[in-house]
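For the record, the sequence lines run as chains A and B.
Here my numbering is used: the first residue of the first sequence is 3, the next is one more, and so on.
Here my numbering is used: the first residue of the second sequence is 3, the next is one more, and so on.
Ideal placement from N, C-alpha and C gives every residue a C-beta, glycine not left out.
Number of protein chains: 2
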Amino acid sequence: MSKRVPNPKCASCGSRHKSVFCSLNSEQLIELDEEKSCDIYSKGEAIFKEGSYPRGLFCVNKGKVKLSRTGAEGKEQILRFAKAGDVMGYNSMLSNKPLAATATALEDASICFIPAKEFFSLLKDDPRFSLNMLELTAKNWHTASRLLTDMAQKSSKQRLAEMLLWLKETFGLDEDDCIDVKLSREEIASMVGTATEAVIRLLSDLKKKGLIHLDGKKIQLVDIHGLATLAELND
Amino acid sequence: MSKRVPNPKCASCGSRHKSVFCSLNSEQLIELDEEKSCDIYSKGEAIFKEGSYPRGLFCVNKGKVKLSRTGAEGKEQILRFAKAGDVMGYNSMLSNKPLAATATALEDASICFIPAKEFFSLLKDDPRFSLNMLELTAKNWHTASRLLTDMAQKSSKQRLAEMLLWLKETFGLDEDDCIDVKLSREEIASMVGTATEAVIRLLSDLKKKGLIHLDGKKIQLVDIHGLATLAELND
DNA sequence: GGTGGAATATGACAAATATCATACTTATCA
DNA sequence: TGATAAGTATGATATTTGTCATATTCCACC
Chain A
3 MSKRVPNPKC ASCGSRHKSV FCSLNSEQLI ELDEEKSCDI YSKGEAIFKE GSYPRGLFCV
63 NKGKVKLSRT GAEGKEQILR FAKAGDVMGY NSMLSNKPLA ATATALEDAS ICFIPAKEFF
123 SLLKDDPRFS LNMLELTAKN WHTASRLLTD MAQKSSKQRL AEMLLWLKET FGLDEDDCID
183 VKLSREEIAS MVGTATEAVI RLLSDLKKKG LIHLDGKKIQ LVDIHGLATL AELND
Chain B
3 MSKRVPNPKC ASCGSRHKSV FCSLNSEQLI ELDEEKSCDI YSKGEAIFKE GSYPRGLFCV
63 NKGKVKLSRT GAEGKEQILR FAKAGDVMGY NSMLSNKPLA ATATALEDAS ICFIPAKEFF
123 SLLKDDPRFS LNMLELTAKN WHTASRLLTD MAQKSSKQRL AEMLLWLKET FGLDEDDCID
183 VKLSREEIAS MVGTATEAVI RLLSDLKKKG LIHLDGKKIQ LVDIHGLATL AELND
C-alpha cells in the first residue's frame with residue numbers, strides 16, 4: 003500500500019509554475035500545504051480506480067502515472083499520462099460522476115492529495131484558478147477530439163507512430179534520443195488500440211525502416227520527421 | 003449565408019434551464035440579451051469552421067447541429083452533436099486554441115452568438131457560471147474517454163449499435179420510436195469510423211436480427227435492450 | 001550465477017473490414 | 001414531369017488485423 007510522507011511545500015515545488023496552481027498567492031499556497039497530504043506509491047500500484055468517487059484532487063509531485071480505462075472485454079485502454087505538476091481526478095469531482103479512469107504509477111511516485119473542500123473553495127474564491135481549470139479541461143477536449151479522430155480513421159501503424167510522438171511530447175527524450183518512459187509492449191498496445199503482437203511487429207517494421215531503434219523497453223527516435231510523415235500519410 | 007434575425011429573449015428560452023445559463027439572474031439575462039445576436043443557418047450550412055478562432059460563444063436556440071473534424075485523409079469524423087440549449091466554441095476560447103471542430107446545421111437552425119467579452123465577464127464575475135462551464139467540460143471528458151475506448155476496442159458492428167443508442171439519448175425517439183434526427187449513411191459512417199458500405203451492410207444486419215427497422219433515413223429502434231447487449235458483448 | 005516466469009518475438013491462419021465495381025432507388029430542380 | 005445527380009444497396013476481392021501456437025529472450029529472485 004501507499005505510505006504517507008511529510009508534505010512537500012507547494013511554494014518550493016518545481017512543477018508549480020507549469021501547473022493549474024501557477025497563479026496562487028503565498029497565502030493560498032500555505033493553506034494548500036496545511037490541507038493537503040502526500041503519499042508514496044510504488045511502481046504498478048493504483049492511485050485511484052475507475053468507478054469510485056474521489057474525495058479530492060490528486061496532484062503528481064514526482065513520478066509518472068498512466069490513466070486508463072477498462073473496456074467492455076476487460077481490456078485496458080490508456081487515455082492519458084500524468085507527470086510532475088499534473089492534476090488528476092478533477093473531471094470526476096466537477097461533473098459529480100464516478101472516476102472515468104484508473105491511475106497507476108508507472109514508476110515509484112509521490113502524489114499529493116487536496117481534499118475536495120479545499121479544491122472547491124479555491125474554485126469559488128479565485129476566478130484565476132477557475133480559469134486555469136477551464137483552460138485545462140478545454141485543452142483535454144482538444145487532445146481527445148484529435149485522438150478520437152485518429153482512432154477512428156488511422157491504421158494501427160499510423161496510430162503507433164502517432165503514439166510514439168505523443169510519448170515524446172509528454173515525457174521528452176533522454177540524452178540518447180530515447181523516449182523517457184518505460185512501457186511494456188502490452189501497454190503500448192493499449193494506447194494504440196491493437197493487439198500486443200501487432201505492436202511488436204509494427205515496432206520492428208519501424209526499426210527496419212530506420213525510423214526508430216529498439217533496445218529492450220528503450221525506444222530511440224531516429225527519424226522524428228519520418229515518423230510524423232508516416233502518422234499523417236497512408237504509406 | 004446566414005441571416006441576422008431579432009434576438010429571442012434568454013429569459014423566455016425554453017432550453018435555458020437545462021443549459022449552462024440556468025443559474026443566471028434576470029439582470030444577467032437582460033445583459034446577455036443586449037450583447038448577443040442571433041442568426042439563421044439553413045440545412046448544411048457551416049456555423050463555424052475548424053482551425054479558425056471564434057470571437058465568442060455559440061448557443062443553439064433551435065435546430066440540430068453536428069460538430070465534426072477533418073481527419074488526415076480529408077475524411078469527416080463526427081465528434082458530437084448540439085441541440086437547443088447547447089453551447090459551442092467554448093473549448094477553443096478557453097484554451098486559446100483554434101476551433102477543433104466544424105459546426106454544421108443538420109436542419110434549419112437559429113444560433114445565438116455571445117461575444118467573448120461577455121462570456122469572460124460572466125466567468126470572472128459569477129462563480130456559479132464558471133462551475134457550470136467546468137461541469138460541462140468535465141462531462142465532455144467522460145463522454146470522450148468512453149468514446150475513445152469504444153473506438154479503440156470495439157468492432158464496427160458494436161460501435162454502430164453504440165452510436166444508435168447515443169443518437170437516441172441525444173435526440174430522443176419520435177412517436178414511432180424512430181431516432182429523431184435525419185442522418186445520411188455516410189454521416190453515420192463518420193460517427194462510427196467505418197466505410198459507408200459497411201454501415202449499410204451492418205444496418206441491414208441489425209434489421210435482419212429484428213433490432214431495428216429501416217424506412218429511408220428513418221431508423222426505428224425495435225429492441226433497445228438487444229442493441230445495448232450487442233454494443234457490450236462480442237456476439 | 002543459475003532458474004522459473006514473464007515479456008518479447010515470429011509464423012500460420014482466420015476473421016473483420018476496406019476498396020472497387022456496379023446496380024438500383026430516391027430526391028431535386030429546371 | 002422528366003432528367004440528373006446523389007444516396008443507397010450488393011457482390012467480389014484485397015488488405016489489414018486479430019488469434020492461436022510456439023519459440024526465444026530477458027530479468028528478478030533465490
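Asked                                                                                                                    : Found
Inter-residue CB distance, MET90/B and PHE121/B (contact presumed, cutoff 8 Å)                                           : Incorrect: roughly 12 Å between the Cβ atoms, too far for contact.
Where the beta strand (DSSP E) containing ARG148/A begins and where it ends                                              : Run containing ARG148/A: none in the beta strand (DSSP E); it sits in the alpha helix (DSSP H), 129 to 155.
Where ASP152/A falls, given that 16 or more other Cβ within 10 Å makes a residue buried                                  : buried
Closest by C-alpha distance to ALA86/B, when choosing among ILE226/B, PHE173/B and ASN236/B                              : PHE173/B
Where the beta strand (DSSP E) through THR196/A begins and ends                                                          : That residue, THR196/A, is in no beta strand (DSSP E); it is neither H nor E in DSSP.
Chain B contact residues for MET320/A, given Cβ-Cβ distances below 8 Å                                                   : For residue 320/A there is no data in the structure shown, the boundaries of chain A being 3 and 237.
Three-way DSSP call (helix, strand, coil) for LYS68/A in this model                                                      : strand
Per-residue burial, GLU164/B [other beta carbons within 10 Å of its own, 16 or more giving buried]                       : buried
With 16 other Cβ atoms within 10 Å as the buried cut-off, status of CYS24/A                                              : exposed
Opposing strand residues paired with HIS215/A [DSSP bridges]                                                             : GLN222/A
Where ASP41/B sits in the DSSP three-state scheme                                                                        : strand
Spatially closest choice to GLN222/A from LEU213/A, GLY65/A and GLY228/A, by CA coordinates                              : LEU213/A
Option nearest GLN79/A by Cα separation, candidates THR104/A, ALA48/A and PHE60/A                                        : THR104/A
Chain-ordered residues of the region 43 to 75 of chain B with a beta carbon less than 7 Å from chain A                   : ARG71, GLY73, ALA74 and GLU75
Of the residues PHE115/B, GLY73/B and ASP176/B, the one placed nearest ASN9/B, counting alpha carbons only               : PHE115/B
Buried or exposed (CB count within 10 angstroms, at least 16 for buried), PRO2/B                                         : For residue 2/B there is no data in the structure shown, the boundaries of chain B being 3 and 237.
Limits of the unbroken beta strand (DSSP E) element including LEU81/B                                                    : 78 to 84
Assigned exposure category for LYS38/A - 16 Cβ within 10 Å defines buried                                                : buried
Which of helix, strand or coil DSSP assigns to ASN98/A                                                                   : coil
From LEU229/B, VAL224/B and GLU171/B, residue whose alpha carbon lies closest to that of PHE83/B                         : GLU171/B
Which listed residue (LYS20/B, SER14/B and CYS40/B) has its alpha carbon closest to that of SER28/B                      : SER14/B
Environment of ARG6/A [buried if 16+ CB atoms lie within 10 Å]                                                           : exposed
Neighbourhood of LEU69/A by C-beta distance below 6 Å, restricted to the same chain and skipping five residues each side : LEU81, ARG82, ALA103 and ALA105
Beta carbon proximity, HIS144/A to chain B, threshold 9 Å                                                                : yes
Between the CA atoms of HIS215/A and LEU229/A - distance to the nearest angstrom                                         : 12 Å
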